[in-house]
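Participant: Per the numbering used here, residue 1 is the first one in the sequence shown, and the count goes up by one each step. Idealized CB from N, CA, C, for every residue including glycine.
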Amino acid sequence: MLQKKENQALKYDKGAGEFKNWLISETYFNPEALGKVEAAFSLGNGYMGLRSATEERYPNEVRGNFVAGTFNKFLGDKEVTELPNAADMTEMTFTLNGTTFQLTTGEVLYFERTLNLKNAELSRHIHWRSPYGEEYKLTFSRFVSLDNKHIIAQKVTITPLSGDLNLKLNSSINGQMTNTGTQHFKEGVMRLYNQKIMKLEARTNESNIDFTHFARHEFTLENNVFTPKNTIFMDRRKIFMTFEPETIKKNETITIEKISGVYTSRDKDWQNADTALATFSSTANYDTLFDAHRSAWKNNVWEQYPIQIEGVDFDQLAIRFAVYHLTCMTPAHDNRMNIGAKGLSGEGYKGHAFWDTEIFVLPFFTTSNPKVARQLLEYRSLSIPGAVRKAKENNYQGAMFPWESAWLEDGEVTPIWGAADIITGEPTKIWSGFIEQHITADIAFAVWQYYQFTDDQDFMEKHGYELIFATAVFWQSRLEEKDNRYEITGVVGPDEYKEHVDNNAFTNYMAHWNLEKAIHYYDLLQQENPALLKALSDKWDLKTNYQKWQEKSAKLYLPQPNSELVIPQDDTYLSKKIIDLTPYKAASQVGALFLDYNLDQVNDMQITKQADVMILLYLLENEFSPEVKQANWDYYEPKTLHDSSLSRATHSILASDLGDKDLAYSMFEKASRIDLGQNMKSSDAGIHSASIGGIWQVVVNGFGGVRMLDGKLYLHPQLPEKWTGLKFPIYWKGSRLLVHITKNALEISNLSNKDALLTLHGNEITILANSTTLTTI
Ligand code: IFM
1 MLQKKENQAL
11 KYDKGAGEFK
21 NWLISETYFN
31 PEALGKVEAA
41 FSLGNGYMGL
51 RSATEERYPN
61 EVRGNFVAGT
71 FNKFLGDKEV
81 TELPNAADMT
91 EMTFTLNGTT
101 FQLTTGEVLY
111 FERTLNLKNA
121 ELSRHIHWRS
131 PYGEEYKLTF
141 SRFVSLDNKH
151 IIAQKVTITP
161 LSGDLNLKLN
171 SSINGQMTNT
181 GTQHFKEGVM
191 RLYNQKIMKL
201 EARTNESNID
211 FTHFARHEFT
221 LENNVFTPKN
231 TIFMDRRKIF
241 MTFEPETIKK
251 NETITIEKIS
261 GVYTSRDKDW
271 QNADTALATF
281 SSTANYDTLF
291 DAHRSAWKNN
301 VWEQYPIQIE
311 GVDFDQLAIR
321 FAVYHLTCMT
331 PAHDNRMNIG
341 AKGLSGEGYK
351 GHAFWDTEIF
361 VLPFFTTSNP
371 KVARQLLEYR
381 SLSIPGAVRK
391 AKENNYQGAM
401 FPWESAWLED
411 GEVTPIWGAA
421 DIITGEPTKI
431 WSGFIEQHIT
441 ADIAFAVWQY
451 YQFTDDQDFM
461 EKHGYELIFA
471 TAVFWQSRLE
481 EKDNRYEITG
491 VVGPDEYKEH
501 VDNNAFTNYM
511 AHWNLEKAIH
521 YYDLLQQENP
531 ALLKALSDKW
541 DLKTNYQKWQ
551 EKSAKLYLPQ
561 PNSELVIPQD
571 DTYLSKKIID
581 LTPYKAASQV
591 GALFLDYNLD
601 QVNDMQITKQ
611 ADVMILLYLL
621 ENEFSPEVKQ
631 ANWDYYEPKT
641 LHDSSLSRAT
651 HSILASDLGD
661 KDLAYSMFEK
671 ASRIDLGQNM
681 KSSDAGIHSA
691 SIGGIWQVVV
701 NGFGGVRMLD
711 GKLYLHPQLP
721 EKWTGLKFPI
731 YWKGSRLLVH
741 ITKNALEISN
751 LSNKDALLTL
761 HGNEITILAN
771 STTLTTI
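1. Count the other CB atoms, across all protein chains shown, that sit within 10 Å of the CB of P306; report buried if there are 16 or more and exposed otherwise.
2. Answer yes or no: do S260 and F214 have a C-beta to C-beta separation smaller than 8 Å?
3. With H, G and I counted as helix, E and B as strand and the rest as coil, what does DSSP make of A685?
4. State the DSSP-derived secondary structure class of V189, mapped to helix, strand or coil.
5. Could you tell me whether the region 467-480 touches the region 588-598, where touching means 3 or more Cβ pairs closer than 8 Å?
6. Would you say the beta carbon of P494 is closer than 7 Å to some non-hydrogen atom of the ligand IFM?
7. Confirm the yes/no value for this check: CB of W355, any heavy atom of the ligand IFM, distance under 7 Å.
8. With distances taken Cα to Cα, identify the nearest neighbour of G781 among W448, S381 and G106.
9. Check whether the Cβ of A505 sits closer than 7 Å to any heavy atom of the ligand IFM, and report yes or no.
10. If you drop the 5 nearest sequence neighbours on each side, which residues of the same chain put their C-beta closer than 6 Å to that of T367?
11. Are A120 and V262 close, meaning C-beta to C-beta below 8 Å?
12. So, is the C-beta of L532 closer than 8 Å to a C-beta in chain C?
13. Do you know offhand how far N194's Cα is from K155's?
14. Would you list, in sequence order, the uninterrupted beta strand (DSSP E) runs of no fewer than 3 residues that lie entirely inside the region 437-489?
15. Is V388 buried or exposed, if buried means 16 or more other CB atoms sit within 10 Å of its CB?
16. At a cut-off of 7 Å, is S345 close to the ligand IFM when judged by its beta-carbon and the heavy atoms of the ligand?
17. Under 7 Å Cβ to Cβ from F778, same chain only, skipping five residues before and after it: list those, please.
18. Tell me whether F226 is buried or exposed, calling it buried when 16 or more other Cβ atoms sit within 10 Å of its Cβ.
19. Does at least one heavy atom of the ligand IFM sit under 7 Å from the Cβ of S666?
20. Between which two residues does the alpha helix (DSSP H) holding F365 run?
21. Would you mind giving the Cβ-Cβ distance between I239 and I173, rounded to the nearest angstrom? I have them listed as a contact below 8 Å.
22. Does the distance between the C-beta of A690 and the nearest non-hydrogen atom of the ligand IFM fall short of 7 Å?
23. If we count the other Cβ atoms within 10 Å of its Cβ and call it buried at 16 or more, is L524 buried or exposed?
24. Just mark R236 as buried or exposed, buried being the case when its beta carbon has 16 or more other beta carbons within 10 Å.
25. Using only the heavy atoms of the ligand IFM, determine whether one of them is closer than 7 Å to the beta carbon of L646.
26. Identify the continuous alpha helix (DSSP H) that holds L654 and give its terminal residues.
27. Less than 8 Å separating the beta-carbons of N514 and A472?
28. Kindly list the residues whose CB is nearer than 6 Å to the CB of D684, restricted to its own chain and excluding five residues on each side of it in sequence; keep chain order.
29. Which of helix, strand or coil does DSSP assign to V67?
30. Which runs of the beta strand (DSSP E) fall wholly inside the region 184-241 and span at least 3 residues, in chain order?
31. In whole angstroms, what is the alpha-carbon distance linking I579 and Y497?
32. Could you please give the first and the last residue of the uninterrupted beta strand (DSSP E) stretch that includes A391?
33. Run the proximity test for Q610: is its beta-carbon closer than 7 Å to any non-hydrogen atom belonging to the ligand IFM?
34. If you compare alpha carbons, which of I197, M234, I359 and L317 is closest to T279?
35. Just reading off the alpha helix (DSSP H) that A40 is part of, what are its end residues?
36. What does the Cβ neighbour count give for S295, buried or exposed, with the cut at 16 atoms within 10 Å?
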């Protein structure tokens, strides 16, 4: 019998003392909603991500362990490359006096599963009565080390409460994992070393990446280490051991540690499976590994990003949850890799990177850890060859970046077929990979944003200028001449409910912005670095392109506000049918509209999936007046279903710009609950990376009012009524600033040796090096 369900499965207020607003707890076990906790409580370190499936197995679970950058394409033309699900090293089956431990049998007298964000450790505390009335206390803890990126550590304790215990443990490295049925690995060597370390090797079947997995165990009874009777077994793609300790007396506690590791031939320091074995063999025990892991989180994460929200406990927890997942999802160790739309927390979107990185996640790193931002942008630079190939395949020039991106050389990897069409009964075609093209300008935008924040000239010379030029070469080749102007027809904009539209405002404006920036930097390099300009000109034929940029940019059609100040989202949007969206807006599940209409029908209605004109008003904010922003909000928001998790954060920031604090806060409340809230189905396929980056933007760019416009830093804080304070760090042109906003004061500490210039509420101020400035607001 399971515990009685409380109204809310997740609790946010269990943390006390040093853990206040650091803990998220699941308070009853719900076998119907395993995916939520597997993803939202997933562990990771940017090298790998581990879904928090339990040690014991359940029918509805989705176990997952994803190693960044290890893409493989299952042979077959319907498949695209994806991050394969590595062997599961966490599985353990406990047989207690002949009965398998399972929370769906017997009686759960107590259950709590907690993610401690501060220490990035997952724990479970259980009091279980077996179907035969025997009672046990079990605790489980685990972490994915931030200090040693290859390591997963687990610790289990079992205390028999009603009599002695005969325990049998079956613990495996299970390579039978699939990605929803697709097996990505060829079977490799299995072996037990020194009666202790299990090894399972596997190789991806198309990309030929070697994976070597290890696991070893340690047993302690009442603080005495011992080796129980054990046996090794091998099965297809699975190696496992059984352990049978001597009888454990009533109230005695047995502790089992399982330390596992995965190494792959994608690792920069990979040599072979033997050196991986030597490295793994020297790893320490749980507690020692945990100390190093906890210190890494303290030093590299929480001291690097000391972000504090005062006044609402949930909001403080939510921003920590965001920073936690931003750390878990980001392969900061390797510039050949990027961030998946679901991070490393699930199979959703196959580990592919989208514009989610540049527009939603990157601002966090650009502002608070520029080194990582640079690496992520270098990934785009290194993947230029794939973008050039895509341009050529489409008869364009320059770099046409893939809508979905995986390994550097892969080019476009968006799947072609998606969800069922309820009218035709066929799969819906996904057009984004063909015609959602704004990503090319989004990448250029992020490069420029990074450069403005950091003044990183070295990056610009090695990567940045080329990215801005190569993308502008694409745009000039993409524009179509019509009636003495240039247009962009047949695209999907950010609103993916509109396909094959002409002159999507966001796309046209961003393309124009991209062309203008290329012209600007071409002029600049001509003055300041002609040698570099020559090298890039030789590669990209910039002389010819420069002229085309000038001619075409000046004549590129930019949809203007109409008499009601509304910017047409595209050429036909405003003439389409309007329907009552009330039921769909109220639906708890995303995409409820598609239970009644198919995409072709929605294409003919004024229904917007996610921020489209709205995101234009945010990114290029100084090109539009407050009146235009308000008119477009009033027009589009009621027609926007927020069916993409990217939408609400942008709306919240715009509401702040419009001076509507309550609206901004209510949008933030919804955005911050997409993964962390009580909807137990919202995260099954993985957390929403862009939404998580968006939460940080709402806090810092929205409520904190931090904006970079034309290369200058502006601060215009507008705290929600319920907040009493907000503290966050920002890097600005080499200075590290700590901003503390309260209801009526603003304190900025410059923690570096360089003065910082910024504009506060319209006035320019200098924050002197190593000093603090206090202003009333
Ligand atoms: O990039 C987004 C897109 O804007 C909306 N659909 C989901 C994608 C991945 O998050």
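Facilitator: Here's the rundown:
1. exposed
2. yes
3. coil
4. strand
5. no
6. yes
7. yes
8. This structure does not reach residue 781, given that the chain is present from 1 up to 777, and the question cannot be answered.
9. no
10. I730
11. no
12. Going by chain labels, chain C is absent from the structure shown, which holds only one protein chain.
13. 22 Å
14. 480-482 and 485-487
15. buried
16. no
17. Any question about residue 778 goes unanswered here, given that the chain covers just 1 to 777.
18. exposed
19. no
20. L362 to S368
21. 5 Å
22. yes
23. exposed
24. exposed
25. yes
26. S647 to D657
27. yes
28. G35
29. strand
30. 185-193, 197-204, 210-221, 224-226 and 229-235
31. 14 Å
32. First-last for A391: I384 to E393, but that is the alpha helix (DSSP H), not the beta strand (DSSP E).
33. yes
34. I197
35. L34 to A40
36. exposed
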